[in-house]
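Trainee:
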Amino acid sequence: MIRHTTVSLLGAGLLIATGLGAQPAWAAPPSNDNRADAILVEPPKELQGTLVDATLETGTDTSYCANTDASVWYRFTAPKRGAIIVQLDAAGEMDATIDLFRQTRSKYEYTDCDDTDSKGVATIDNESLEPGATYAIRVGKEWGSVADTFALRVLIPSPAPEPPGKDLPAKGEKNSVDRLVNPGDAYHTYMREGRTMRLSLRVNQCTSLQVYGPGSSGFGGEGVMSLP
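The numbering of the sequence shown is this note's numbering, which starts it at 1 and goes up by one.
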């Protein structure tokens, strides 16, 4: 009898332990799932994010570019020149949108938007922001798309070069241009009558070179010589 009672108690203990270990696990949304919890970004900045397990808030949590069923939020202060570039690079096969809003207390005024292309990239290039104002970025997952991670870049573009440009050193200059943040640079040098000058441009990708004459007030048009 004593042995039978001991076995019964052990069996009961196993049943109780099994019941405690079967509690359901609930997935948590990203920390910036709601507008009130938008992540602060200080441009220029690149960061990683996710739309996995993200939700929609009730009300006006929508994109102006496409229907979406999940979103996360970021915010930043517009730079002095009022120019900003927001670029989204979606991972995997996720289709997504980025929307830009001017935020004034609890009000959000639509400014710009874009949705991902065939490469999963969406870009907002806006030069009309109000310097010092707060702007919100909404990253949304398009309706029915698979959820995945993404890279978000909030960049400050360089202003367009103006004549006469920087002084070109006698030994030349090594620099770089970028389609988004620095699309062009300008240099000037003095030419002497009767002397031949050779221009040499070495690049890793397709890049143009334009030459303008003295007194040029802008870099519009083709200049006096263009390469290629």
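In this text, a Cβ means the ideal position worked out from N, Cα and C, and glycines have one as well.
With DSSP as the reference, please indicate the residues paired to threonine 68 in a beta bridge.
Mentor: DSSP, once it has assigned bridges, lists Glu142 as partnering threonine 68.
Trainee: Measuring CB to CB, does glycine 111 end up less than 8 Å from glutamate 142?
Mentor: Correcting the residue type first, residue 111 is threonine in the shown sequence and not glycine. Contact flag unset, no.
Trainee: Could you please give me the residues that DSSP links to tryptophan 73 through a beta bridge?
Mentor: In the DSSP output, where bridge partners are listed per residue, tryptophan 73 has Arg138.
Trainee: DSSP three-state label for alanine 133, please.
Mentor: Coil at alanine 133, not helix or strand.
Trainee: Given asparagine 34, which residues of its chain have a CB within under 8 Å of its CB, disregarding the five upstream and five downstream residues?
Mentor: Excluding sequence neighbours, asparagine 34 sits near Glu57, Trp73.
Trainee: In chain order, which continuous runs of the beta strand (DSSP E) of length 3 or greater are located wholly inside the region 144 to 208?
Mentor: With a minimum length of 3 residues, the continuous beta strand (DSSP E) runs that stay inside the region 144 to 208 are 149 to 155.
Trainee: Give the range of the beta strand (DSSP E) segment to which glycine 49 is assigned.
Mentor: It spans 45 to 50 - the beta strand (DSSP E) in which glycine 49 sits, taken as one unbroken run.
Trainee: Apply the 10 Å Cβ neighbour rule to methionine 94 and answer buried if 16 or more other Cβ atoms are within range, or exposed otherwise.
Mentor: Label assigned to methionine 94: buried.
Trainee: Taking its Cβ as the centre, do 16 or more other Cβ atoms sit within 10 Å of tyrosine 190, making it buried, or is it exposed?
Mentor: By the 10 Å Cβ count, tyrosine 190 comes out exposed.
Trainee: Using alpha carbons as the reference points, say which of Glu46, Val41, Leu51 lies closest to valine 146.
Mentor: Per the Cα distances, Leu51.
Trainee: Who does arginine 102 pair with in a DSSP beta bridge?
Mentor: Looking at the DSSP assignment, arginine 102 forms a beta bridge with Glu109, Tyr135.
Trainee: Considering only residues of the same chain and omitting the five flanking positions on each side of alanine 66, which have a CB-CB separation below 7 Å?
Mentor: So the qualifying residues of the chain are Thr97, Asp115, Glu142.
Trainee: Relative to the C-alpha of glycine 165, which candidate in Asp185, Ser176, Val154, Leu47 has its C-alpha closest?
Mentor: Glycine 165 has its Cα closest to that of Asp185, out of Asp185, Ser176, Val154, Leu47.
Trainee: How about asparagine 32 and isoleucine 84: do their beta carbons lie closer than 8 Å?
Mentor: Cβ atoms of asparagine 32 and isoleucine 84: not closer than 8 Å.
Trainee: Going straight from the alpha carbon of threonine 134 to that of isoleucine 156, what length do you get?
Mentor: The straight-line gap from Cα to Cα measures roughly 15 Å.
Trainee: According to DSSP, is glutamine 210 part of a helix, a strand, or is it coil?
Mentor: Of the three classes helix, strand and coil, the one that applies to glutamine 210 here is strand, per DSSP.
Trainee: Would you tell me roughly how many angstroms separate the C-alpha atoms of glutamine 48 and leucine 168, rounded to the nearest one?
Mentor: The alpha-carbon atoms of glutamine 48 and leucine 168 are separated by roughly 39 Å.
Trainee: What number of angstroms, rounded off, separates the C-alpha of aspartate 148 from the C-alpha of alanine 91?
Mentor: Approximately 6 Å, taken between the alpha carbons.
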